[in-house]
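>
Residue numbers (the numbering used here), protein chains in the order written: chain A, 1087 to 1300; chain B, 1213 to 1502.
1) Does the beta-carbon of residue 1199(A) have 16 or more other beta-carbons within 10 angstroms, so that it is buried, or is it exposed?
2) Hey, would you say the C-beta of residue 1277(B) is under 8 Å away from at least one heavy atom of the ligand SAM?
3) Does residue 1365(B) have its Cβ less than 9 Å from a Cβ in chain A?
4) How should residue 1244(A) be labelled, buried or exposed, when 16 other C-beta atoms within 10 angstroms of its C-beta is the threshold for buried?
5) Using 8 Å for Cβ pairs, my map puts residue 1097(A) next to residue 1214(B). What's the rounded Cβ distance?
6) Taking the alpha carbon of residue 1313(B) as the reference point, which residue from 1469(B), 1219(B), 1433(B) and 1364(B) has its own alpha carbon closest?
7) Pop quiz: residue 1189(A) and residue 1298(A) are said to be a contact at Cβ under 8 Å. What is the actual Cβ separation, rounded to whole angstroms?
8) Tell whether a beta-carbon distance below 9 Å holds between residue 1154(A) and residue 1193(A).
9) So which residues of chain A does residue 1239(B) contact, with C-beta pairs closer than 8 Å?
10) Would you tell me roughly how many angstroms separate the C-alpha atoms of residue 1293(B) and residue 1469(B), rounded to the nearest one?
11) Which residues does DSSP pair with residue 1262(B) in a beta bridge?
12) Indicate whether residue 1309(B) and residue 1333(B) have their beta-carbon atoms separated by less than 9 Å.
13) Have a look at the DSSP bridge pairing and note the partners of residue 1479(B).
14) Below 8 Å on the Cβ atoms is my guess for residue 1145(A) versus residue 1324(B); work out the distance and round it to an integer in Å.
15) Considering residue 1221(B), what are the terminal residues of the alpha helix (DSSP H) in which it resides?
16) Based on the DSSP output, what are the partners of residue 1162(A) in its beta bridges?
17) Under 7 Å Cβ-Cβ, which residues of chain A neighbour residue 1482(B)?
18) What are the start and end residues of the beta strand (DSSP E) that includes residue 1303(B)?
19) Under 9 Å between C-beta atoms, does residue 1218(B) make it to chain A?
20) Three-state secondary structure (DSSP) at residue 1376(B)?
21) Going by the DSSP bridge assignment, what does residue 1334(B) pair with across the sheet?
22) Given a cut-off of 9 Å, decide if residue 1372(B) and residue 1475(B) are closer than it, judged by their beta-carbon atoms.
23) Specify, as a first and last residue, the run of the alpha helix (DSSP H) that residue 1325(B) falls within.
24) Looking at the secondary structure, which residues open and close the beta strand (DSSP E) in which residue 1122(A) lies?
25) Going along chain A in order, which residues have a C-beta closer than 7 Å to the C-beta of residue 1511(B)?
26) Which residues in the same chain have their Cβ closer than 6 Å to the Cβ of residue 1087(A), if we skip the five residues on either side of it in sequence?
27) If you count every other CB in all the chains shown that lies within 10 Å of the CB of residue 1197(A), and 16 or more means buried, which is it?
28) For residue 1348(B), collect the residues of the same chain with a Cβ closer than 8 Å to its Cβ; drop the 5 residues on either side in sequence, then sort them by chain order.
29) For a contact meaning CB atoms closer than 8 Å, what does residue 1473(B) contact in chain A?
30) Output, in sequence order along the chain, the residues in the stretch 1215-1231 of chain A whose CB is closer than 7 Å to any CB in chain B.
31) Do residue 1207(A) and residue 1221(A) have their beta-carbon atoms positioned less than 9 Å apart in this structure?
32) Under three-state DSSP, which class holds residue 1400(B)?
33) Could you spell out the range, first to last residue, of the beta strand (DSSP E) harbouring residue 1394(B)?
34) Look at the alpha carbon of residue 1281(A) and the alpha carbon of residue 1170(A), and state the distance between them as a whole number of angstroms.
35) Output needed in chain order: residues of the stretch 1248-1263 of chain B with a Cβ under 8 Å from some Cβ in chain A.
36) Per the contact definition of three or more C-beta pairs closer than 8 Å, is the stretch 1452-1464 of chain B in contact with the stretch 1252-1267 of chain B?
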């Protein structure tokens, strides 16, 4: 691989931070969630990931327990089809999927967006993995990744014409911290990557290494 | 935010009493109070006024309550479906359909639910919007597909599903079938069969075209109206989401364009059974515009 996901994310971040308004909104998220010790609320290794059934992008039900019956599951929360950071990650994961599968794992990408946006996200990446709609943040709430968007960032989303109440079908103005979990076949979280900074994500190689160790 | 914090807050909304809410949640009062304080910190303000004999929701508390309830219901629905399948849920999925709204669009979602919960009975109820709204409020219906413009109380959540357009249904061999699309001008000389289940397209056509059409009232099921079309009594303007079989011919109606938006509605804040809750989630996931 030529360039790591981390370096591509860092470039995108640097680019975004040139804009002072964006930078202030970004720092507000980090500061607020750090102060609250947000990451400590997120489901940690050793805890059972609660079983769930969610609608897939194509309108079928997907049950975690059924996925686990076939092998470990890599479960990632994404912010939405609109998020350029998530796009980079999804692209990298789509590329890494054969290796994830070769290591015995399957991949579930959860998005809080509704109204066909899950399918749009999946098609954009030609993704061979399941994209699930976490409608009203049900599973996100169970995993402890959901937060209310601080004021500055919300104002920027609105100014950019992103109608979250319409996209999510819910006017809570929340987002998930884009955490990734590796869940063992026993349903227990074996490994997790969680950072309140949405530009910091797990490298696919790291995930694959975890799967190989299971 | 944490699931337990949200659960505590919803209990507090119902009881408006810290001591009682903590008891109902099986936690000590200090732990309960701390959890609420953390949720308040995250949401950026007080959710409740605490005065000596009075606990009340603040404006922020009132604003967040329905959203947090929806999240909690979603968390419950996601795990309840898994549990309902294991224990073989018995019950029913009761879906209201506004007049002339086709079940075909949502049929794949109903199939998904029924395959997951094979002992659940499916019931469709096609009726006037007011009747369906009353049915939902009285808990006789789980949810309903309704025309967006119909009157709905605040207590109903609604999500846009799709826009349907009018098509002209003609008897086989009708001269107008030679055209790909029809206009108001084309059908001026025709008799239009109209009934409650025609989606109001004929009335809208009259308004838009500014002239009167020859109408024949005809109440009953859409299938019965189609039988009359096939018999040559007249033509019909119906939703493109319905299914029509030969020898009937169906043509797009292009001028004026007649459309209506269809929404999915359910009572806000009322927990639905796992079949209905997950049917609603499945419908909300999709884009039915295609």
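We put the CB at the ideal spot given by N, CA and C, even for glycine.
Reading from the atomic positions:
1) The residue labelled residue 1199(A) in the question sits at position 113 within the first chain. Burial call: buried.
2) With respect to the ligand SAM, the structure offers nothing, as it holds no ligand at all.
3) The residue you call residue 1365(B) lines up with position 153 of the second chain. For residue 1365(B), the answer is no, since every Cβ of chain A falls outside 9 Å of its Cβ.
4) Numbered from 1 along the first chain, position 158 holds the residue referred to as residue 1244(A). Result: exposed.
5) On the first chain, position 11 is the one that residue 1097(A) refers to. On the second chain, position 2 is the one that residue 1214(B) refers to. Actually they are not in contact, since the Cβ atoms of residue 1097(A) and residue 1214(B) sit about 34 Å apart, beyond 8 Å.
6) The residue given as residue 1313(B) occupies position 101 in the second chain. Of 1469(B), 1219(B), 1433(B) and 1364(B), the residue nearest in Cα terms is 1433(B).
7) Translated into positions along the first chain, residue 1189(A) becomes position 103. Translated into positions along the first chain, residue 1298(A) becomes position 212. That belief holds up - the Cβ atoms of residue 1189(A) and residue 1298(A) are roughly 5 Å apart, short of 8 Å.
8) Residue 1154(A) sits at position 68 when you count from the first residue of the first chain. Residue 1193(A) sits at position 107 when you count from the first residue of the first chain. No, the pair does not count as a contact, with Cβ atoms beyond the cut-off.
9) Locating residue 1239(B) in the second chain gives position 27, where the first residue counts as 1. What residue 1239(B) touches in chain A: nothing, since even the nearest Cβ is about 16 Å away.
10) Taking the second chain and counting its residues from 1, one reaches residue 1293(B) at position 81. Taking the second chain and counting its residues from 1, one reaches residue 1469(B) at position 257. As the crow flies, the alpha-carbon of residue 1293(B) is around 41 Å from that of residue 1469(B).
11) One-based indexing of the second chain puts residue 1262(B) at position 50. BP columns for residue 1262(B) point to 1267(B).
12) To locate residue 1309(B), count along the second chain from 1; it is residue 97. To locate residue 1333(B), count along the second chain from 1; it is residue 121. Cβ atoms of residue 1309(B) and residue 1333(B): not closer than 9 Å.
13) Reading the second chain from its first residue, position 267 is the one you call residue 1479(B). Answer by DSSP bridge pairing, in chain order: 1368(B).
14) As a position in the first chain, residue 1145(A) is number 59, starting the count at 1. As a position in the second chain, residue 1324(B) is number 112, starting the count at 1. Their Cβ separation, rounded to whole angstroms, is 7 Å, which keeps residue 1145(A) and residue 1324(B) in contact under 8 Å.
15) Residue numbering aside, residue 1221(B) sits at position 9 when the second chain is read from its first letter. Bounds of the alpha helix (DSSP H) holding residue 1221(B) are 1215-1227.
16) Position 76 of the first chain holds residue 1162(A). Bridge partners of residue 1162(A): 1195(A) and 1266(A).
17) Your numbering for residue 1482(B) matches position 270 in the second chain. Correct list: empty, because the minimum Cβ distance to chain A is about 14 Å.
18) By one-based count along the second chain, residue 1303(B) stands at place 91. Note, residue 1303(B): beta strand (DSSP E), 1303-1309.
19) As a working note, residue 1218(B) is residue 6 in the second chain. Closer than 9 Å to the CB of residue 1218(B) there is at least one CB belonging to chain A.
20) Against the second chain, residue 1376(B) aligns to sequence position 164. Three-state DSSP puts residue 1376(B) in a strand.
21) Position 122 of the second chain holds residue 1334(B). Its beta-bridge partners are 1305(B).
22) As a working note, residue 1475(B) is residue 263 in the second chain. As a working note, residue 1372(B) is residue 160 in the second chain. Taking 9 Å as the Cβ cut-off, residue 1475(B) and residue 1372(B) qualify as a contacting pair.
23) Within the second chain, residue 1325(B) is the residue found at index 113, counting from 1. Run containing residue 1325(B): 1319-1328, per the alpha helix (DSSP H) assignment.
24) Indexing the first chain from 1 puts residue 1122(A) at position 36. Element bounds for residue 1122(A): n/a, residue is neither H nor E.
25) Any question about residue 1511(B) goes unanswered here, given that chain B covers just 1213 to 1502.
26) On the first chain, position 1 is the one that residue 1087(A) refers to. Interpretation of residue 1087(A) is limited by its pLDDT of 49, a score under 50 that renders its predicted location unreliable; the figure taken from the coordinates is listed afterwards. Once the five neighbours on either side are set aside, residue 1087(A) has no close Cβ partner at all.
27) Residue mapping note: residue 1197(A) aligns to position 111 of the first chain, counting from 1. That one is buried.
28) Residue mapping note: residue 1348(B) aligns to position 136 of the second chain, counting from 1. Cβ neighbours of residue 1348(B) beyond the five flanking positions: 1308, 1354, 1355, 1356, 1368, 1477, 1478 and 1479.
29) Residue mapping note: residue 1473(B) aligns to position 261 of the second chain, counting from 1. Here the premise fails: no neighbours, minimum Cβ distance about 13 Å.
30) 1219, 1221, 1222, 1223, 1224, 1225, 1227, 1228 and 1230
31) In the first chain, counting from the first residue as 1, residue 1221(A) sits at position 135. In the first chain, counting from the first residue as 1, residue 1207(A) sits at position 121. No.
32) One-based indexing of the second chain puts residue 1400(B) at position 188. If DSSP states are grouped into helix, strand and coil, residue 1400(B) belongs with coil.
33) Position 182 of the second chain, counting from 1, holds the residue named residue 1394(B). Element bounds for residue 1394(B): 1393-1395.
34) Residue numbering aside, residue 1281(A) sits at position 195 when the first chain is read from its first letter. Residue numbering aside, residue 1170(A) sits at position 84 when the first chain is read from its first letter. Between residue 1281(A) and residue 1170(A), the C-alpha separation is close to 17 Å.
35) Answer set for the stretch 1248-1263 of chain B: 1250, 1253, 1254, 1255 and 1256.
36) no
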